[in-house]
Amino acid sequence: MRVIAGSAKGTPLASVPGESTRPITDRVKESLFDILGGSIVGARVLDMFAGTGAVGIEALSRGAREAVFVERDRRALATIRRNLAATRLTDRAQVVAGDAFAYVGRPPEEPFDLIYIAPPQYKRLWVQALQAIDRPGYLSPNGVVVVQIFPKEDEPVALQHLERTDERKYGSTLLIFFEPKAQGQARHEDAPQTP
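Note that this note's numbering has the sequence shown beginning at 1231, numbered continuously upward.
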């Protein structure tokens, strides 16, 4: 695993020992950032269930202004810090040791432009995480949420402020993209229904 592009291009990234994280492969990461394109420059990024920190680090290397890494596993936290030091990107990173749901339970200082959700598999945590950030002010108007799961974990999710806009399958990895609903659409769905 390595940084694909940007200021830290080619830097090897350490992995978290054991099975507690869902690492992204270099191929999937490269495809993801090809899709995101130039929108990552100047972006504020939230890497939930950060694991190795590979996605947030790639974003920082490509010009994101800030990345917040939320992780509760002690070994993963040490790996994130080691990877940030190796890439010399610590100055634009905030590492939060704790539960991702507790973190998103508080309003953010400012909206995020990219939220990446890759929780431990088969626990429906991705659904809960999406529902936790499905409120005004969490995602910027042009922001995107990306969920990384196994294809068989996919299911419909009822959301008020976010809508599924795309999906890409890479072998045993599925990336699902969500964006803010148009304001009128979200307001309309919040309005009481008349008989």
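Just so you know, even glycine gets a beta-carbon here, dropped at the ideal spot from N, CA and C.
Sequence-distant residues of its chain with Cβ nearer than 6 Å to residue i (five each side left out)
{"i": "Leu1360", "result": "Val1387"}
{"i": "Ala1327", "result": "Leu1307"}
{"i": "Ala1412", "result": "none"}
Environment of residue i [buried if 16+ CB atoms lie within 10 Å]
{"i": "Phe1428", "result": "Because the chain spans 1231 through 1425 in this model, residue 1428 falls outside it and cannot be assessed."}
{"i": "Lys1259", "result": "buried"}
{"i": "Arg1292", "result": "buried"}
{"i": "Ser1237", "result": "exposed"}
Candidates the options: closest to residue i by CA position
{"i": "Ala1308", "options": "Ser1245, Phe1407, Asp1396, Glu1409", "result": "Ser1245"}
{"i": "Leu1370", "options": "Pro1350, Val1376, Asp1343", "result": "Checking the displayed sequence, the identity of residue 1370 turns out to be Ser instead of Leu. When only C-alpha atoms are compared, the closest one is Asp1343."}
{"i": "Leu1276", "options": "Phe1331, Ser1237, Ala1316, Pro1242", "result": "Phe1331"}
{"i": "Pro1410", "options": "Lys1353, Gly1373, Asp1303", "result": "Gly1373"}
{"i": "Glu1385", "options": "Phe1408, Arg1312, Thr1320, Arg1354", "result": "Arg1354"}
{"i": "Ile1287", "options": "Ile1265, Asp1329, Asp1321", "result": "Asp1321"}
Endpoints, the alpha helix (DSSP H) within which residue i is located
{"i": "Gly1283", "result": "From DSSP, Gly1283 is part of no alpha helix (DSSP H); its letter is neither H nor E."}
{"i": "Ser1261", "result": "1256-1266"}
{"i": "Arg1312", "result": "1304-1317"}
Beta-carbon contacts of residue i that lie in its chain and below 7 Å, excluding the five residues immediately before and after
{"i": "Pro1247", "result": "Arg1305"}
{"i": "Arg1232", "result": "Gly1240, Thr1241, Pro1242, Leu1243, Asp1256"}
{"i": "Ala1289", "result": "Ile1270, Ala1273, Val1275, Ala1297, Leu1344"}
{"i": "Val1325", "result": "Phe1299, Leu1307, Ile1310, Arg1311"}
Extent of the continuous beta strand (DSSP E) run through residue i
{"i": "Ile1379", "result": "1369-1379"}
{"i": "Ala1327", "result": "1323-1327"}
Beta-carbon separation (whole angstroms), residue i vs residue j, contact threshold 8 Å
{"i": "Pro1341", "j": "Tyr1368", "result": "6 Å"}
{"i": "Leu1404", "j": "Asp1364", "result": "That belief does not hold up - the Cβ atoms of Leu1404 and Asp1364 are roughly 20 Å apart, past 8 Å."}
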